[in-house]
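A.B. asks: If you scroll down you'll find the structure; I have some questions about it.
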Amino acid sequence: VFSVLVFFFFFLLPRRMSFKAKRGKMAASGMAKAFDLLVIGAGSGGMGAARRAAELGARVAVVESGRLGGTCVNVGCVPKKVMYNTALHAEFLHDHKDYGFDVEFKGFDWNTVKQKRDAYVKRLNDIYANNLEKAKIHVVRGHASFVDKNTVEVGGEQLQADHVLVASGGQPAMPAVPGIELAINSDGFFELEQLPKKCLVVGAGYIAVELAGILAALGSKVSLMIRHNMFLRTFDSSVAEQLMVEMEAAGVNIIKRSETTKLEKHGETISASYKTGDEEHTLGDLNCVLMAIGRSPNVQGLNLEKAGVRVNEKNQIVVDEFQNTSTEGVYALGDVCGKAELTPVAIAAGRRLAHRLFEGKVDSKLDYSNIPTVIFSHPPIGTIGLSEEDAKKEHGEDKIKVYKTKFTNMYHALTERKTSTVMKLVCLLPEEKVIGLHMIGIGCDEMLQGFGVAIKMGATKAQFDSCVAIHPTSSEELVTMR
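Whatever position you read off the sequence shown (first residue = 1), add 10 for our numbering.
Written as structure tokens, this is what we have:
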């Protein structure tokens, strides 16, 4: 009996109490407020980690200076999707007569949508606050600044934790050109009180093409300025090229190989000077200039150097596959790291980190390969895996077989307006494992998730073909390509 008691008290009990012992380490130091996990940023990644850690029994605090939910909820995916849906209605309205409906178009009230959209976002902010309260997560309002690797100061108050997670997100970058104060960024898009009649969007990434598409569909005269011949250059060329065709057909003026050099105010309008090679041009009578040239990490004022946290040349926090920074006990994830800057990625990384720190799952980490991505362009793009170009670079041209199809969605069977659908499967020989799937067209945003599961599981072209097609749908093309 004595031996059993000794084993229990000296071996089993310490292991079961180890988490509580760690919890007490900071509290024993005499600081006013101590936690197991301190999260800087209440965006998608930070909230994902904080709530999961709290579920696992950790004492958690979250520091946030802005609205709860971060970029996605407030000035990103959520309000953007509302505006994308609004733009879809505009497109459908033009098709109604072809389906026999006598519809008179009397105009569009931007402010109606803005008010309802903002109210929806406010409800989400309140839901986030309620979720934090239910999880008994301590919320601290203000800007965080490291004192040391375990201590953060917010508004004169010091908080300590065994584990500190930086999930402070990113912010839109702005070019250093004269008159830049006349331009807005993607955040400013959601502050517009009315639809601009004539707009210049500058940028070649997914944010630029999404916002340009929304504005054009709602009736704005849009120019899109890009530095090269093509936008979305990190995506498969088939979807990027088709989107350019569709946007130009929808009336978007795409200005290629050009850079903005100056913005000037002329009464109620703006003029944008730009260079195409050595030639100088001016685009005038603009009601809005929107810069969407990229994003920068939110690290200002964090005093990362006091925690010994290393950043790269872009000021992005350097992390390993487990989200560890260069300092033990300090972690980072999401946009502040600059890798796969997508909301579901940050959430998944945050949850896996929580399981590793507070549930003992030492191998818990996010697999960053084969992440499905959708661009809410007009029409939408869905993509996962390697592009044809990257697959050939990685494996060699002789190891890659590509299946591709182009067709008109059946929705357009009766409409005068047409858009095309393009689909591509990139397969690795000899077994024809599907290592890339890329598509653009009506419904591609909603059909990608299921095919993403198949590709994540390592499906081959033969396994795709073994699935009976659903007819008539666009998705059936992915299981019938030859």
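Note that the Cβ used here is the ideal one computed from N, Cα and C, for glycine as well.
(1) Quick check: residue 180 and residue 336, are their CB atoms within less than 8 Å of each other?
(2) Using CA coordinates, which residue listed in 415, 279, 136, 348 is at the minimum distance from residue 193?
(3) Please return the same chain residues whose Cβ sits closer than 8 Å to the Cβ of residue 477, not counting the five positions on each side in sequence.
(4) Is residue 436 near residue 416, with beta carbons less than 8 Å apart?
(5) Going by C-alpha distance, which of 329, 272, 395, 166 is nearest residue 301?
(6) Which residue wins for smallest C-alpha separation from residue 163, given the options 487, 314, 147?
(7) Which first and last residues belong to the beta strand (DSSP E) in which residue 438 is found?
(8) From the DSSP output, read off the bridge partner residues of residue 420.
(9) Please report how far the alpha carbon of residue 37 lies from the alpha carbon of residue 374, in whole angstroms.
(10) For residue 199, which three-state DSSP category applies?
(11) Using the Cα positions of residue 89 and residue 356, report the straight-line distance between them to the nearest angstrom.
(12) Residues bridged to residue 158 by DSSP?
(13) Put residue 57 into one of helix, strand or coil per three-state DSSP.
(14) So what does residue 307 bridge to, in DSSP terms?
(15) For the region 206-249, list the beta strand (DSSP E) runs that are entirely contained and at least 3 residues long, ordered along the chain.
(16) Look at the Cβ atom of residue 155, then the Cβ atom of residue 311, and state whether they are nearer than 8 Å.
(17) May I have the straight-line CA-CA distance separating residue 64 from residue 367, to the nearest angstrom?
(18) Kindly list the residues whose CB is nearer than 8 Å to the CB of residue 139, restricted to its own chain and excluding five residues on each side of it in sequence; keep chain order.
(19) Shortest alpha-carbon distance to residue 330 belongs to which of 378, 172, 288, 351?
(20) Is the Cβ-Cβ distance between residue 274 and residue 189 less than 8 Å?
(21) Provide the residue span of the beta strand (DSSP E) that contains residue 394, from first to last.
(22) Name, in chain order, the residues that DSSP records as bridge partners for residue 446.
(23) By the 10 Å Cβ neighbour count, where 16 or more other Cβ atoms means buried, how is residue 241 classified, buried or exposed?
(24) Among the residues of its own chain, which have a CB less than 6 Å from the CB of residue 113, if the five just before and after it don't count?
(25) Note down the Cα distance separating residue 295 from residue 256, rounded to an integer number of angstroms.
(26) When the Cα atoms are used, what is the spatial distance from residue 328 to residue 322?
(27) For residue 281 and residue 269, what's the separation of their Cα atoms in angstroms?
(28) For the beta strand (DSSP E) that residue 461 lies in, which residues bound it at each end?
(29) So what's residue 186 in DSSP terms, helix, strand or just coil?
(30) Have a look at the DSSP bridge pairing and note the partners of residue 64.
(31) Runs of 4 residues minimum, wholly inside the region 352-376: which ones carry the alpha helix (DSSP H) assignment?
(32) Using 8 Å as the threshold, is the C-beta distance between residue 560 and residue 452 below it?
(33) Sort 217, 218, 398, 262 by Cα distance to residue 227 and report the nearest one.
(34) Assign residue 38 to one of three DSSP states: helix, strand, or coil.
(35) In terms of residue numbering, what span does the alpha helix (DSSP H) encompassing residue 133 cover?
(36) Look up residue 149 in the DSSP assignment and say whether it is helix, strand or coil.
C.D. replies: Well, looking at it:
(1) It is not a contact, given that the beta carbons lie outside the stated cut-off.
(2) Considering only alpha carbons, the answer is 279.
(3) 489
(4) Contact annotation: residue 436 and residue 416 have beta-carbon atoms that are not nearer than 8 Å.
(5) 272
(6) 314
(7) 430-438
(8) In DSSP, residue 420 forms no bridge with anything.
(9) Per-residue confidence for residue 37 stands at a pLDDT of 45, beneath the threshold of 50, marking its modelled position as unreliable; no derived number is given.
(10) helix
(11) Rounded to whole angstroms, the gap between the alpha carbons of residue 89 and residue 356 is 18 Å.
(12) In the DSSP output, where bridge partners are listed per residue, residue 158 has 161.
(13) Here residue 57 carries a helix assignment [DSSP, helix/strand/coil].
(14) 180
(15) 208-212, 231-235
(16) Yes, Cβ-Cβ distance for residue 155 and residue 311 is below 8 Å.
(17) 12 Å
(18) 78, 149
(19) It is 378.
(20) yes
(21) 391-395
(22) 395, 436
(23) buried
(24) 106
(25) 25 Å
(26) 6 Å
(27) 14 Å
(28) Per DSSP, residue 461 belongs to no beta strand (DSSP E); it is in the alpha helix (DSSP H), 454-466.
(29) The DSSP-derived three-state label of residue 186 is coil.
(30) None; residue 64 has no bridge partner.
(31) 353-368
(32) The question about residue 560 has no answer, for the chain in this structure spans 11 to 492.
(33) 262
(34) Its pLDDT being 44, under 50, residue 38 is placed unreliably by the model, and the measurement read from it follows with that caveat. In the structure shown, residue 38 sits in coil (DSSP, three-state: anything other than H, G, I, E or B).
(35) 120-144
(36) strand
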